[in-house]
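Structure record follows, encoded as structure tokens.
Protein chains: 2
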Amino acid sequence: MAELSPSRRIRRTPFSEGVEAAGVKAYTVYNRMLLPTIFEGTEADYHHLKSAVQVWDVACERQVELRGPEAGRLMQMLTPRDLSGVVPGQCVYVPITDETGGMLNDPLAVKLAEDRWSISVADSDLLLWVKGLSNGFRLDVLIDESDVNLLAVQGPKANTLMARVFGDAVADLKFFRFGHFEFEGREMVVSRSGYSKQGGFEIYVEGTELAMPLWRALFEAGADLDVRAGCPNLIERIEGGLLSYGNDMTDDNTPYECGLEALCKPEFAIGCIGRDALLRVAQTGPVQQIRPLEITGGKVPLCDRAWRLLAGEKRVGQVTSAVWSPDYEVNVAIGMVRMTHWEPGTKLQVETPEGRFDVLVREKFWAR
Amino acid sequence: MAELSPSRRIRRTPFSEGVEAAGVKAYTVYNRMLLPTIFEGTEADYHHLKSAVQVWDVACERQVELRGPEAGRLMQMLTPRDLSGVVPGQCVYVPITDETGGMLNDPLAVKLAEDRWSISVADSDLLLWVKGLSNGFRLDVLIDESDVNLLAVQGPKANTLMARVFGDAVADLKFFRFGHFEFEGREMVVSRSGYSKQGGFEIYVEGTELAMPLWRALFEAGADLDVRAGCPNLIERIEGGLLSYGNDMTDDNTPYECGLEALCKPEFAIGCIGRDALLRVAQTGPVQQIRPLEITGGKVPLCDRAWRLLAGEKRVGQVTSAVWSPDYEVNVAIGMVRMTHWEPGTKLQVETPEGRFDVLVREKFWAR
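Chains as they are written, first to last, in our numbering: chain A, 71 to 438; chain B, 71 to 438.
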């Protein structure tokens, strides 16, 4: 692998100092910000995440905030998910679509109040889309990237560690709910969420002042829990079926293709920008859809581009994420498969830079 | 430096194969695409760029195309530059601003026809901004990221090399003009432009089919010219005063702060989104502005964040790009300086992670 050249354009985070001290070996760039990808090694980080607890610098999940009398209206314009029943205090995963129903982002959004939403954006400049729409439609909403930096605490021992720093009540938080908890005299929003299936929390750290103190407090409180710096893990996220915007789907794909049909209610999503196109897709369902794929025949190479998925010599889809899983002793993968070949049990092949491998379409992801 | 983790989300380019074979050592990520930053070394690459000719994979300059009856109107909405006199066949550098006059991008745009523009975007999702506006204002324009990949040929021997591949006529192209030239029976748009002061061209390669054949043809034709794979060079671009969006300016800054006042005519830019705010700024001029800065006292460290610029203990600006220049034997730098301290000859200090260095505000960049 080549190195990543630092520059101001690739933004550091308020936790970068801690990440560097912990010996980060590799990064990716996410929303033009540093996102660690490897500390000890992808497999070592994976085993640790599944057995202990990790602190993740996920400040790259930038927060786009909508405030004002038309914030709710604008929010509903962004997504085919019906938001009419969402109450303040709730987190929702919202596919965001353009006018043709193509996915522009797949963030977690928090309804802070009737007139206030905060969106944790995946890797695209959602801010520009939202501001462009708001300008064009002349909506009465303030739109900002707020100075909030997320720190995630993930792993089976996350409850224990968080309770030591924020008090026992934090362990009572239900999935996808948030609460306010105190750290060094300041209130912080903490949600039970995160980009792993090991359980855990995301802490919304306002500004930079308390960022490193919080980082250090978590490490001090968790020394006996073997707490380490970590990051979203490629193996663990594929096993758990956590999709990655830009990898597993792009603006070429509708939410239906991404298996998010349960979240799409274009018939109720009044004002949703992609509504017309998505109502059309909903009539018949998508032609291709994301599937968990098992790849056999040895470890696959690093998946840095879409690999063609073949039935004989016919292209029937593509693999977009793939990696060897030590726990399942198989390559776990995510791909987009055409409906003619998406039934569980279908046998296909995938073309990688290191040759062809056998593929089995699975019904479910490995970990749920 | 840490490594960059490859994934599909960080897009490869049709020239990546050539870049890898040439031994690329480091990348940055630009518009979620790989942009090489180092081949032999920043200084070695710099000396070579200034003396020979390089081929650059700048496919990351994604092309946003506007087509349709209202393409010209939308284009003018994006920028305070007066586009009324621009003729088909002309390239223009266009600061693009949001509703408060903050810079969202600073691309080169090409007017292909009365109803067709192509924008070579700097590192932000301009596509989302443009599509959001077009949706909101219900404009009659098609907006796409087109499958066009730029290859730049830069350096004092660029004319010679390009004439060998595209014919002598290409050497007659005037600065910021483009023409159509043939390669392997296909027409390609070639412009005299590029992100260096050494002179050269940018070739708009449609699709992927001819990408590597063109790459190889340039290397075969230029063997005796010592042609090498290269990339925008940090030292050379600072010496020449080439600004970098995301580094030297962000959406916090107006075009006036970026020294682009000569390009701003908000009074004539009818429909420009940032017009009101920019008319206000134009009344008095900006409070801070980009300046070339000379930093002395030894080589500065790598500039990966904004460094505070100080007059005594008072913050009077920031340095956003800085590097040692072998040719000028000084650290060349770009910074944003408040008007109280921006006069050429002003002595300041800059706070870097390796301590303070002396700074001199210069009148002009080193190379023009």
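Where is the CB? At the ideal position from N, CA and C, for every residue including glycine.
Just verifying my parser: in three-state terms, what is the DSSP assignment at residue i?
i: B/N303; result: coil
i: A/W199; result: helix
i: B/G225; result: coil
i: B/M319; result: strand
i: B/I365; result: strand
i: B/L231; result: helix
i: A/I343; result: coil
i: A/E73; result: strand
i: A/V297; result: coil
i: A/V431; result: strand
i: B/R78; result: coil
i: B/L348; result: helix
i: B/V240; result: helix
Counting along the chain, where does the alpha helix (DSSP H) carrying residue i start and finish?
i: B/M258; result: Careful: B/M258 lies outside any alpha helix (DSSP H), inside the beta strand (DSSP E) at 256-261.
i: B/E336; result: The residue asked about is misnamed: residue 336 of chain B is Pro in this sequence, not Glu. From DSSP, B/P336 is part of no alpha helix (DSSP H); its letter is neither H nor E.
i: A/E424; result: First-last for A/E424: undefined, no H or E at that position.
i: B/A96; result: Not the alpha helix (DSSP H): B/A96 falls in the beta strand (DSSP E), residues 96-100.
i: B/R378; result: Note, B/R378: premise wrong, no alpha helix (DSSP H); beta strand (DSSP E) at 377-381.
i: A/L288; result: 281-291
i: B/G88; result: 86-91
Can you give me the start and stop residues for the beta strand (DSSP E) that residue i sits inside?
i: A/P371; result: No beta strand (DSSP E) contains A/P371, which DSSP labels as neither H nor E.
i: B/W394; result: 384-395
i: B/G478; result: One cannot answer for residue 478 of chain B here, as it falls past the ends of chain B, which runs 71 to 438.
i: A/F251; result: 248-253
i: B/S216; result: 212-216
i: B/T107; result: 103-108
i: A/G405; result: 400-408
Once the 5 residues before and after residue i are set aside, which same chain residues still bring their CB inside 7 angstroms of it?
i: A/R262; result: L243, K244, F245, F246, R247, F271
i: B/D168; result: L174, D321, I343, G344
i: A/A129; result: T83, P84, F85, M103, N219, L220
i: B/M147; result: L203, G341, C342, I343
i: B/T416; result: V431
i: B/G277; result: D217
Tell me, to the nearest whole angstrom, how far the beta carbon of residue i is from that of residue j; I am working on the premise that it is less than 8 angstroms.
i: B/R82; j: B/R102; result: B/R82 to B/R102, Cβ: 11 angstroms. No contact.
i: A/A299; j: A/V89; result: 6 angstroms
i: B/M282; j: B/E87; result: 6 angstroms
i: B/E215; j: B/V134; result: 6 angstroms
i: B/L136; j: B/V211; result: 5 angstroms
i: A/K95; j: B/A72; result: 6 angstroms
i: B/S188; j: B/L182; result: 6 angstroms
i: A/G387; j: A/G405; result: 6 angstroms
i: A/P150; j: A/K335; result: 7 angstroms
i: A/V420; j: A/V407; result: 11 angstroms between Cβ atoms; not a contact.
Tell me which residues share the same chain as residue i and place their Cβ nearer than 6 angstroms to its Cβ, disregarding the 5 neighbours each side in the sequence.
i: A/E424; result: P371
i: A/E327; result: P356, Q358, Q359
i: B/L330; result: P165
i: B/L349; result: P336
i: A/V162; result: V156, A179
If I measure Cβ to Cβ from residue i and keep anything under 8 angstroms in the same chain, skipping five residues before and after, which residues do I get?
i: A/E413; result: V431
i: B/N303; result: T112, D115, Y116, L119, S266
i: B/L231; result: V123, V223, L288, A291, G292, L295, V297
i: A/A92; result: F109, R298, A299
i: A/D185; result: R137, G138, P139, A141, G142
i: A/R79; result: R102
Tell me whether residue i counts as near the ligand ADP, meaning its Cβ is closer than 8 angstroms to at least one heavy atom of that ligand.
i: A/M103; result: Among the components modelled here there is no ligand, and therefore nothing to report on the ligand ADP.
Could you name each continuous beta strand (DSSP E) segment of 3 residues or more that falls completely within the segment 113-191 of chain A, going from the start of the chain to the end? 124-127, 133-137, 161-163, 173-175, 178-183, 186-190
Any C-beta of chain E within less than 7 angstroms: which residues of the segment 374-404 of chain B qualify? As a matter of chain content, chain E is missing from the structure shown, whose protein chains are A and B.
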